[in-house]
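Protein chains: 6
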Amino acid sequence: MFTKYVEEYEMGELWRSRGRTITETDIILFAGLSGDWHPLHTDQEFAKETMFQQRIAHGTLILSVATGLIQMDPNVVVAFYGIDHLRFTAPTFIGDTVHVEMEVTDVLSREDGKGVLTVRQQVKKQSGETVIVGTIRVLLNSRKEGAPL
Amino acid sequence: MFTKYVEEYEMGELWRSRGRTITETDIILFAGLSGDWHPLHTDQEFAKETMFQQRIAHGTLILSVATGLIQMDPNVVVAFYGIDHLRFTAPTFIGDTVHVEMEVTDVLSREDGKGVLTVRQQVKKQSGETVIVGTIRVLLNSRKEGAPL
Amino acid sequence: MFTKYVEEYEMGELWRSRGRTITETDIILFAGLSGDWHPLHTDQEFAKETMFQQRIAHGTLILSVATGLIQMDPNVVVAFYGIDHLRFTAPTFIGDTVHVEMEVTDVLSREDGKGVLTVRQQVKKQSGETVIVGTIRVLLNSRKEGAPL
Amino acid sequence: MFTKYVEEYEMGELWRSRGRTITETDIILFAGLSGDWHPLHTDQEFAKETMFQQRIAHGTLILSVATGLIQMDPNVVVAFYGIDHLRFTAPTFIGDTVHVEMEVTDVLSREDGKGVLTVRQQVKKQSGETVIVGTIRVLLNSRKEGAPL
Amino acid sequence: MFTKYVEEYEMGELWRSRGRTITETDIILFAGLSGDWHPLHTDQEFAKETMFQQRIAHGTLILSVATGLIQMDPNVVVAFYGIDHLRFTAPTFIGDTVHVEMEVTDVLSREDGKGVLTVRQQVKKQSGETVIVGTIRVLLNSRKEGAPL
Amino acid sequence: MFTKYVEEYEMGELWRSRGRTITETDIILFAGLSGDWHPLHTDQEFAKETMFQQRIAHGTLILSVATGLIQMDPNVVVAFYGIDHLRFTAPTFIGDTVHVEMEVTDVLSREDGKGVLTVRQQVKKQSGETVIVGTIRVLLNSRKEGAPL
């Protein structure tokens, strides 16, 4: 999805990623890697008593998984540099399958052969429910600067 | 740090977390878990030719590590629900040690026994350089609703 | 729980940790990290024929998880240095949720600004059954030596 | 199984390894380590629509697990150096338990104190179905060269 | 690389993947996942006394990493089903960066809307040295059967 | 090492395991799995200021690794059930290679076809220094009860 030079994007362009099932393993691995062992993610007995009635995935796990679902061409992407107005809008449960949908909301070419692409990102479940919505800013090469693809 | 009822916070309050050294292992584990294998993180030969001259950690890895460095009391924290104006301002290299600094920028009590705490979060390296800056919103219990601590 | 200077503990003091659900993932990760692939932990067909009728967690996995469930203040804890009379008293199955209960059984201040805290540790399941019982010895700072908390 | 000097093997010798249950965790860990996130392994919704109707393990995961199920004596095994005519003949599902069966098909002593052992390797499930069949070549020490066992 | 319908390949076509640096972490994770703890991979003191003078990566780790370096379109790839004449020709050390080179050696369309693509695969290091060479067989959809790309 | 029926052991019998190098990866994985993120294990800047001047491995990591270095025959070992008088006597640093030495100190046959083997276990580094010493109790089958080996 971040596979084209900055000037090749158009306002309103849409993409959709492949899906990935969120497993108990992902939650355990993310608790271990992040160090966030909140019992809502790691204690089944505690989670049963909450409004969710079961363990839920960490919001930042789903955000991290989303970055991996996006195709990125190393010749094009200079940096993933900003997140704005991001909201975790619904829980992701063990067994849910998420994918990413994106829409180009701004394209800004710069004098230095690079440009900023702004996209509205939604992470959705198999049911269509949105679990994360936010704006992502990425610095991309422009064709005149980058190596030919 | 998210260990008090919402009404017990004051504007301008500051905290500082313990530190954590970011290792090559963390980067490999995060590439595997997120699925983001961009060669800037995973190909030493590629990384040598970039402006960084070495592999760098994923921005979302550092963001995830930051959530684990924050102490959270499960009786108090209802949900981590938003990120605003977040910028990745400098690279984190293998061997850098990061910690989190936070400042309360808004406290909003609600009618339903909960409230929104807004903090400006900075992730800094041992050198004092800021690698992430952004605003985090958390939903907390108020004392009248929550279990006594 | 190991968050106070040694002279601040009293004989008979009790604590209880948060819980953690033991998952299939934890067993696989521990088999991989320890190198202990005994089929009672990793072969479902073998385990079905044993008295347990299913796979069980490694005893040392539960012992390791217990150390992570205990809160430790780095300014106070000098070393975790001994284990005595430890017995694995019941199996932990996939899906069991364990927590740690501790009782102070000895406090010994030393001349060198440190002291030995001895606790009787029990790891229990959600059913109340004890899976590990033993005595743990920890070297702690005394107030006169340590940094002010 | 690769625990004897090369001249101690006979044509037609057979062994059978212990078993290991393939878990969802193994598939997630292997996707992360290999970087192969094909949705047949990692997207439950996608997998439901295929002929398998569920996620399946990566063939190279099962091949890797097979190498770990074989006992190897470090004083004997010089190198695992070749794979021939290997076919992935059936899918391995989450919860299947696999073991390895081997038959010696060639023994070749060399002048340099080493020799090549060729075995036909089958990886089978609890049902007896073969999931991988192939020929493995290993370089072993001969008794005159190696340290006494 | 496995991103086109079977009839779109031509004999002699070449591709080259991105690179990936093999780290100590990869070796530890693979030892844990495969269960293969041969001291040549995991004991530095043992490895120092061998002809390699240091620890080396498992051959099946490099083979697994190679499958992840190949781009696969899930709409095209039906199955990775065979390995022939594969040889591990040189050791991969910690810090080496590997990539995959492939050449189409056979294309066989079948009556059932699928076809077999045979490629000669080489895994090479940054120095150009080949560490694995072998033949890989993949079952692909043909355009008439598959969904439009 | 736990590969014989209980009555086949003699007082004073000795064994020595293979070695394993303790890596930064092992420490990160164990911090994640146990949840013990004490900065002595995970914060290089903190560790520099301690008496060790560098990060050290968790004692329970080394204890867990020791269980994996011991050979166990599933037909013989019924349960690993007790630890006595265990002391962590020296730090294990990143890059140290440990092995296990054991001495039979008691053999107790029971009426029920099983028996208790008591061993004095030492975990030592490549320098010969002992990092853990303690007594381990294991329940083994006796020949009359067990399947023939």
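Residue numbers (my numbering), protein chains in the order written: chain A, 1 to 149; chain B, 1 to 149; chain C, 1 to 149; chain D, 1 to 149; chain E, 1 to 149; chain F, 1 to 149. For every residue, glycine included, the Cβ atom is placed at its ideal position computed from N, Cα and C.
Quiz item: Can you list the beta strand (DSSP E) stretches of 3 or more residues lying completely in the segment 92–149 of chain E, in chain order?
Solution: 97–109, 114–125 and 130–141
Quiz prompt | Backbone CA spacing between GLU13 (chain E) and ALA57 (chain F) [nearest angstrom] | solution = Here residue 13 (chain E) refers to the residue found at position 13 when the fifth sequence is read from its first residue. Here residue 57 (chain F) refers to the residue found at position 57 when the sixth sequence is read from its first residue. The alpha-carbon atoms of GLU13 (chain E) and ALA57 (chain F) are separated by roughly 50 angstroms.
Quiz prompt | Contact check, ASN141 (chain D) vs TYR9 (chain D), beta carbons under 8 angstroms | solution = Position 141 of the fourth sequence, counting from 1, holds the residue named residue 141 (chain D). Position 9 of the fourth sequence, counting from 1, holds the residue named residue 9 (chain D). No, the Cβ-Cβ distance between ASN141 (chain D) and TYR9 (chain D) is not below 8 angstroms.
Quiz item: Are the C-beta of GLY19 (chain D) and some C-beta of chain E separated by less than 8 angstroms?
Solution: In the fourth sequence, counting from the first residue as 1, residue 19 (chain D) sits at position 19. Not an interface residue.
Exercise. With DSSP as the reference, please indicate the residues paired to PHE46 (chain D) in a beta bridge.
Key: Translated into positions along the fourth sequence, residue 46 (chain D) becomes position 46. PHE46 (chain D) is not bridged to any residue.
Quiz item: Which residues in the same chain have their Cβ closer than 8 angstroms to the Cβ of GLN121 (chain D), if we skip the five residues on either side of it in sequence?
Solution: Taking the fourth sequence and counting its residues from 1, the one referred to as residue 121 (chain D) is at position 121. Once the five neighbours on either side are set aside, the close Cβ partners of GLN121 (chain D) are ALA66, VAL100, GLU101, MET102, ILE132, VAL133, GLY134, THR135 and ILE136.
Exercise. Report back the beta-carbon spacing between GLY59 (chain F) and PHE93 (chain F) to the nearest angstrom; my notes put them in contact at under 8 angstroms.
Key: As a working note, residue 59 (chain F) is residue 59 in the sixth sequence. As a working note, residue 93 (chain F) is residue 93 in the sixth sequence. Between PHE93 (chain F) and GLY59 (chain F) the Cβ distance is about 13 angstroms, and since that is not below 8 angstroms, they are no contact.
Quiz item: For ASP26 (chain E), which residues does DSSP report across the bridge?
Solution: For the purposes of this step, residue 26 (chain E) is taken as the residue at position 26 of the fifth sequence. ASP26 (chain E) pairs with nothing; no bridge assigned.
Quiz item: From which residue to which residue does the alpha helix (DSSP H) around ILE62 (chain E) run?
Solution: Taking the fifth sequence and counting its residues from 1, the one referred to as residue 62 (chain E) is at position 62. Looking at the DSSP string, the run of the alpha helix (DSSP H) that includes ILE62 (chain E) is 59–69.
Self-check item: Distance CB(VAL98 (chain B))-CB(ILE22 (chain B)) smaller than 8 angstroms
Solution: Start at 1 with the first residue of the second sequence, and residue 98 (chain B) comes out as number 98. Start at 1 with the first residue of the second sequence, and residue 22 (chain B) comes out as number 22. Contact: yes.
Quiz item: What residues of chain E sit near LEU61 (chain C), judged by a beta carbon separation below 9 angstroms?
Solution: Locating residue 61 (chain C) in the third sequence gives position 61, where the first residue counts as 1. By Cβ distance, chain E contributes nothing, its closest Cβ being about 13 angstroms from LEU61 (chain C), past 9 angstroms.
Self-check item: Neighbour-count burial assignment, ALA147 (chain B), 16 or more Cβ in a 10 Å radius
Solution: On the second sequence, residue 147 (chain B) is found 147 positions in, with the first residue counted as 1. Reliability of the predicted coordinates at ALA147 (chain B) is poor, the pLDDT of 49 falling under 50, and the value obtained from them is presented with this limitation in mind. Exposed, by the Cβ-count rule.
Practice problem: Select from C:ASN75, C:VAL138 and C:PRO91 the residue whose C-alpha is nearest the C-alpha of ARG110 (chain C). | Solution: Position 110 of the third sequence holds residue 110 (chain C). Taking only the C-alpha atoms, the option nearest ARG110 (chain C) is C:VAL138.
Quiz item: Hey, does GLN126 (chain D) have any beta-carbon neighbour from chain C nearer than 8 angstroms?
Solution: If you number the fourth sequence from 1, residue 126 (chain D) lands on position 126. Yes, because at least one Cβ of chain C sits closer than 8 angstroms to the Cβ of GLN126 (chain D).
Self-check item: Minimum C-alpha distance to ASP112 (chain D) - residue among D:ALA90, D:PRO91, D:ARG143 and D:ASP84
Solution: As a position in the fourth sequence, residue 112 (chain D) is number 112, starting the count at 1. Ranking D:ALA90, D:PRO91, D:ARG143 and D:ASP84 by Cα distance to ASP112 (chain D) puts D:ARG143 first.
Quiz item: In its own chain, which residues sit with a C-beta less than 8 angstroms from the C-beta of MET11 (chain B), not counting the 5 before and 5 after it?
Solution: What you label residue 11 (chain B) is simply residue 11 of the second sequence in a count that begins at 1. Correct list, in chain order: VAL104, THR105, ASP106 and VAL107.
Quiz prompt | Any C-beta of chain B under 8 angstroms from that of LEU149 (chain E) | solution = Counting from 1 along the fifth sequence, the entry for residue 149 (chain E) is found at position 149. For LEU149 (chain E), the pLDDT reaches just 42, beneath the cut-off of 50, and the residue's location in the model is therefore unreliable, although a value from the coordinates is still provided. By this cut-off, LEU149 (chain E) is not an interface position.
Quiz item: With a Cβ-Cβ cutoff of 8 angstroms, do VAL116 (chain E) and PHE2 (chain E) count as a contact?
Solution: On the fifth sequence, residue 116 (chain E) is found 116 positions in, with the first residue counted as 1. On the fifth sequence, residue 2 (chain E) is found 2 positions in, with the first residue counted as 1. No, these two residues do not count as a Cβ contact at 8 angstroms.
Quiz prompt | Contact list for THR23 (chain E) against chain B, beta-carbon separation under 7 angstroms | solution = Position 23 of the fifth sequence, counted from the start, is the residue given in the question as residue 23 (chain E). By Cβ distance, chain B contributes GLU24 and ILE28.
Practice problem: Give the single residue among C:ASP43, C:MET72, C:THR25 and C:THR42 whose Cα lies nearest to the Cα of PRO39 (chain F). | Solution: Mapped onto the sixth sequence, residue 39 (chain F) falls at position 39. Cα-wise, what sits closest to PRO39 (chain F) is C:MET72.
Quiz item: According to DSSP, is GLY35 (chain B) helix, strand or coil?
Solution: Taking the first residue of the second sequence as 1, we reach residue 35 (chain B) at position 35. GLY35 (chain B): coil per DSSP, three-state reduction.
Self-check item: Per-residue burial, LYS48 (chain D) [other beta carbons within 10 Å of its own, 16 or more giving buried]
Solution: To locate residue 48 (chain D), count along the fourth sequence from 1; it is residue 48. Its Cβ having fewer than 16 others within 10 Å, LYS48 (chain D) is exposed.
Exercise. Classify SER127 (chain B) as buried or exposed, calling it buried when 16 or more other Cβ atoms lie within 10 Å of its own Cβ.
Key: In the second sequence, the residue the question calls residue 127 (chain B) occupies position 127. Flag for SER127 (chain B) reads exposed.
Quiz item: How close, in whole Å, do the beta carbons of LEU63 (chain B) and PHE30 (chain B) come, if the pair is a contact with beta carbons under 8 angstroms?
Solution: Position 63 of the second sequence holds residue 63 (chain B). Position 30 of the second sequence holds residue 30 (chain B). Not quite, the Cβ-Cβ distance comes to about 11 angstroms (not below 8 angstroms), so this is no contact.
Practice problem: Report back the beta-carbon spacing between GLU45 (chain E) and GLY68 (chain F) to the nearest angstrom; my notes put them in contact at under 8 angstroms. | Solution: Indexing the fifth sequence from 1 puts residue 45 (chain E) at position 45. Indexing the sixth sequence from 1 puts residue 68 (chain F) at position 68. Contact doesn't hold; Cβ gap of about 17 angstroms is too wide.
Quiz prompt | Residue-level contact to chain C via CB, GLY82 (chain F), 8 angstroms cutoff | solution = The residue you call residue 82 (chain F) lines up with position 82 of the sixth sequence. Closer than 8 angstroms to some Cβ of chain C, the Cβ of GLY82 (chain F) qualifies, so yes.
Quiz item: Is the CB of THR92 (chain E) under 8 angstroms away from at least one CB in chain F?
Solution: To locate residue 92 (chain E), count along the fifth sequence from 1; it is residue 92. So, not an interface residue.
Quiz item: Between the C-alpha atoms of GLN54 (chain B) and ILE27 (chain D), what's the straight-line distance to the nearest angstrom?
Solution: As a position in the second sequence, residue 54 (chain B) is number 54, starting the count at 1. As a position in the fourth sequence, residue 27 (chain D) is number 27, starting the count at 1. So the alpha carbons of these two residues sit roughly 30 angstroms apart.
Quiz item: Any beta-carbon of chain D closer than 8 angstroms to the one on ARG87 (chain E)?
Solution: One-based indexing of the fifth sequence puts residue 87 (chain E) at position 87. With 8 angstroms as the cut-off, ARG87 (chain E) counts as an interface residue toward chain D.
Self-check item: Simplified DSSP state of VAL76 (chain D), which is helix, strand or coil
Solution: Residue mapping note: residue 76 (chain D) aligns to position 76 of the fourth sequence, counting from 1. VAL76 (chain D) falls in the coil class under three-state DSSP.
Quiz item: So which residues of chain B does THR97 (chain E) contact, with C-beta pairs closer than 7 angstroms?
Solution: Indexing the fifth sequence from 1 puts residue 97 (chain E) at position 97. By Cβ distance, chain B contributes ASP43, GLN44 and GLU45.
Quiz item: Is the Cβ of VAL116 (chain F) closer than 8 angstroms to any Cβ of chain C?
Solution: Taking the first residue of the sixth sequence as position 1, residue 116 (chain F) is located at position 116. Output row for VAL116 (chain F): interface = no.
Quiz item: If we ignore side chains and look at the alpha-carbon of each, how far apart do TYR81 (chain C) and LEU33 (chain D) end up?
Solution: Here residue 81 (chain C) refers to the residue found at position 81 when the third sequence is read from its first residue. Here residue 33 (chain D) refers to the residue found at position 33 when the fourth sequence is read from its first residue. TYR81 (chain C) and LEU33 (chain D): Cα-Cα distance of roughly 35 angstroms.
Quiz item: From ASP96 (chain A) to LYS125 (chain A), what does the alpha carbon distance come to, in whole angstroms?
Solution: Working through the first sequence from its first residue, we reach residue 96 (chain A) at position 96. Working through the first sequence from its first residue, we reach residue 125 (chain A) at position 125. Looking at the two C-alpha atoms, the distance is approximately 6 angstroms.
Practice problem: Return no unless some Cβ of chain C is closer than 8 angstroms to the Cβ of LEU33 (chain E). | Solution: Your numbering for residue 33 (chain E) matches position 33 in the fifth sequence. Yes, LEU33 (chain E) counts as interfacial toward chain C.
Practice problem: For GLY12 (chain D), decide whether its Cβ has a neighbour in chain A, counting only Cβ atoms nearer than 8 angstroms. | Solution: Indexing the fourth sequence from 1 puts residue 12 (chain D) at position 12. No, no contact with chain A.
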